[in-house]
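Step one of this worksheet: look at the structure below.
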Ligand code: UDP
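Residue numbers (the UniProt record's numbering): 1 to 240.
Set out below in structure tokens:
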């Protein structure tokens with residue numbers, strides 16, 4: 001039987017670091033091409049895909065504010081960083097022949113469309129990949145919260161969270177603690193109570209309140225986005 005998607009519509013959350021690869025900073029053209037081709041093969045399963053890319057490979061608001069910058073200004077810089085990442089990913093996806101639209105929460109009409117919920121859904125229904133850029137458009141939030149909010153708004157079935165070099169959620173950092181145990185399944189309450197650093201507490205409680213499942217897996221393992229979309233159990237699944 002031909003492979004097909006388990007889901008009708010998904011949100012894929014990628015941290016900015018995923019685009020940097022081993023460089024740890026900036027956008028690595030080889031890495032972004034690889035991610036685009038993973039997205040491409042997953043989308044061919046027939047799923048509607050919305051993507052949210054972070055900005056941590058370029059700038060994080062917290063770093064600026066820790067250095068004495070105004071937090072709002074530092075956070076707007078972070079949101080602008082996500083726009084650069086989104087445009088780079090759009091370019092790679094278009095080179096693979098996928099119609100892709102970037103929708104920004106901060107208006108910049110010369111660069112991308114403004115975020116309008118109904119328009120985003122229309123693009124998805126037409127088979128276009130949608131990239132949500134500039135977070136939710138407000139300081140003090142993260143792109144994890146953006147993923148949660150947009151997933152609720154577009155009625156996505158699941159958030160797929162691709163992590164760099166870690167294949168799921170562990171009881172402790174597996175790189176520094178050899179006793180760390182990987183979880184196959186978790187609830188949001190357990191994640192919050194144990195303070196597991198998967199997504200920030202705002203995003204976790206939003207997903208819990210709105211009953212949005214989350215799957216955390218490694219993006220560095222080739223083909224994992226497709227596996228997740230086709231319903232293979234990989235990484236860690238978090239539910240209400
Ligand atoms: N940001 C924000 N509001 C949002 C989303 C992001 O202020 O709704 C800023 C914040 O400064 C954050 C930066 O953008 O540090 C980059 O996003 P994030 O840290 O979520 O990126 P990731 O860790 O996923 O690479």
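We put the CB at the ideal spot given by N, CA and C, even for glycine.
{"Query": "Cβ-based neighbour list, residue 146, same chain, cut-off 7 angstroms, excluding 5 preceding and 5 following", "Result": "52, 132, 135, 136"}
{"Query": "Candidates 41, 74, 43, 42: closest to residue 56 by CA position", "Result": "74"}
{"Query": "Beta-carbon separation (whole angstroms), residue 96 vs residue 40, contact threshold 8 angstroms", "Result": "5 angstroms"}
{"Query": "Delimiting residues of the alpha helix (DSSP H) encompassing residue 126", "Result": "Premise fails: residue 126 is in no alpha helix (DSSP H) and is neither H nor E."}
{"Query": "Same chain, Cβ closer than 6 angstroms to residue 42, five either side skipped, listed in chain order", "Result": "225, 226, 229"}
{"Query": "Unbroken stretches of the alpha helix (DSSP H), 4 residues or longer, contained in the segment 33 to 71", "Result": "61 to 66"}
{"Query": "Continuous alpha helix (DSSP H) stretch holding residue 229: start and end", "Result": "224 to 229"}
{"Query": "heavy atom of ligand 1 below 7 angstroms from residue 60 C-beta", "Result": "yes"}
{"Query": "The segment 115 to 128 contacting the segment 44 to 51, beta-carbon criterion three pairs below 8 angstroms", "Result": "yes"}
{"Query": "Rounded straight-line distance, which links the Cα of residue 181 to that of residue 167", "Result": "12 angstroms"}
{"Query": "Presumed contact (8 angstroms Cβ cut-off) between residue 204 and residue 191, rounded CB distance", "Result": "6 angstroms"}
{"Query": "From 27, 63, 82, residue whose alpha carbon lies closest to that of residue 54", "Result": "82"}
{"Query": "Bridge partner(s) assigned by DSSP for residue 183", "Result": "169"}
{"Query": "Residue 148, DSSP secondary structure in three states", "Result": "helix"}
{"Query": "Residue range of the beta strand (DSSP E) that includes residue 206", "Result": "Where residue 206 is concerned, there is no enclosing beta strand (DSSP E), although the alpha helix (DSSP H) it sits in stretches over 201 to 209."}
{"Query": "Closest by C-alpha distance to residue 222, when choosing among 106, 7, 183, 165", "Result": "165"}
{"Query": "Residue 54 beta carbon near ligand 1 (any heavy atom closer than 7 angstroms)", "Result": "yes"}
{"Query": "Residue 219 Cβ short of 7 angstroms to ligand 1 heavy atom set", "Result": "no"}
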